[in-house]
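Data block below; observations after.
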Amino acid sequence: MTAIIIEDMPQALRMLQDDLEANCPDVEVVGTAHSVVSAAKLLQKTTPDLIFLDILLGDGTGFDLLEIFPKLPSRVIFVTASDEFALRAFRYAAVDYLLKPVDIEQLKQAVGRARSRQTESPESLHLLKETLAKPDVLPRRISLHSQERIVIVEIENIVRCEADGNNTRFVLASGEKIFVTRTLKQYDQMLEPHGFVRAHQSHLLNFRFVQEFQKKEGGYLKMKNGDLIPVSVRKKAEVLEWLGQ
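The opening position of the sequence shown corresponds to residue 50 in our numbering, with each subsequent residue numbered one higher.
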């Protein structure tokens with residue numbers, strides 16, 4: 050798999066190059082660039098399988114580069130400093146990213162996902178850019194990646210999420226179900242600020258769709274769509290606290 054690194058800090062560029070050589074031997078770095086202009090020139094000459102893209106470059110941003118090449122077939126892994134708002138944006142958009150300094154295990158995982166993944170969807174990249182532009186505003190949408198497609202949904206239209214092994218099933222207000230290849234844990238912190246509650250190890254619920262609490266057999270929450278969701282013993286106090294608000 051061929052790759053290019055676009056990074057304006059020489060030391061960070063060298064470190065990432067060394068990390069790839071030592072830990073991802075099947076990734077061949079065929080070029081590097083330090084700015085939007087130099088990266089654009091490089092991409093006119095070569096089309097790599099993978100791009101490691103810093104967001105902040107000396108003469109612009111990684112998004113500026115992607116706008117120059119809107120149909121770029123390469124997979125993109127963003128590289129970013131540890132900024133909490135930026136991390137939140139990446140999680141909501143479900144776009145691969147690496148934190149500086151780069152963790153070796155995270156690097157291996159990101160490269161592994163890139164091997165089996167097509168190009169980033171324009172919708173996910175737009176959502177990422179939109180979220181980064183409003184760091185003080187809680188994102189209203191989230192990007193859901195299934196094996197067949199990528200769907201951007203309004204968070205308020207999510208009724209519930211259910212764990213299925215290392216995957217998650219989303220149930221929407223329309224009745225549509227989306228099977229996503231990420232764990233429920235990855236969505237817990239993202240959705241909790243939007244009024245979601247973890248009623249059970251396997252269930253994350255949008256409280257605006259809860260109709261009633263049934264006391265039978267330890268407790269169930271009945272959703273407005275008729276679904277009955279068990280409440281675990283460990284989560285019961287938290288759920289009852291929500292009901293009392």
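Note that the Cβ used here is the ideal one computed from N, Cα and C, for glycine as well.
Check: When the Cα atoms are used, what is the spatial distance from GLN196 to VAL125?; Outcome: 18 Å
Check: Specify whether the segment 201-208 and the segment 151-161 touch according to this definition: at least 3 beta carbon pairs, one from each stretch, less than 8 Å apart.; Outcome: no
Check: Going by DSSP, name the residue or residues bridged to CYS73.; Outcome: Bridge partners of CYS73: none, in fact.
Check: So who's on the other strand from HIS252, going by DSSP bridges?; Outcome: GLU211 and HIS249
Check: Give the DSSP-derived three-state secondary structure of MET272 in the structure shown.; Outcome: strand
Check: Nearest by alpha-carbon distance to VAL144: which of ASP67, THR180 and GLY214 is it?; Outcome: THR180
Check: Considering only their Cβ atoms, is the gap separating THR81 from ILE53 smaller than 8 Å?; Outcome: yes
Check: Quick check: what's the CA-CA separation for LYS264 versus ARG218?; Outcome: 26 Å
Check: Taking DSSP as the reference, what is the three-state secondary structure of ILE153?; Outcome: helix
Check: Are ALA91 and ASP57 closer than 8 Å when you measure CB to CB?; Outcome: Ala is not the amino acid found at residue 91; the sequence shown has Leu there. Result no, Cβ atoms of LEU91 and ASP57 do not sit closer than 8 Å.
Check: Can you tell me whether ALA286 is helix, strand or coil according to DSSP?; Outcome: helix
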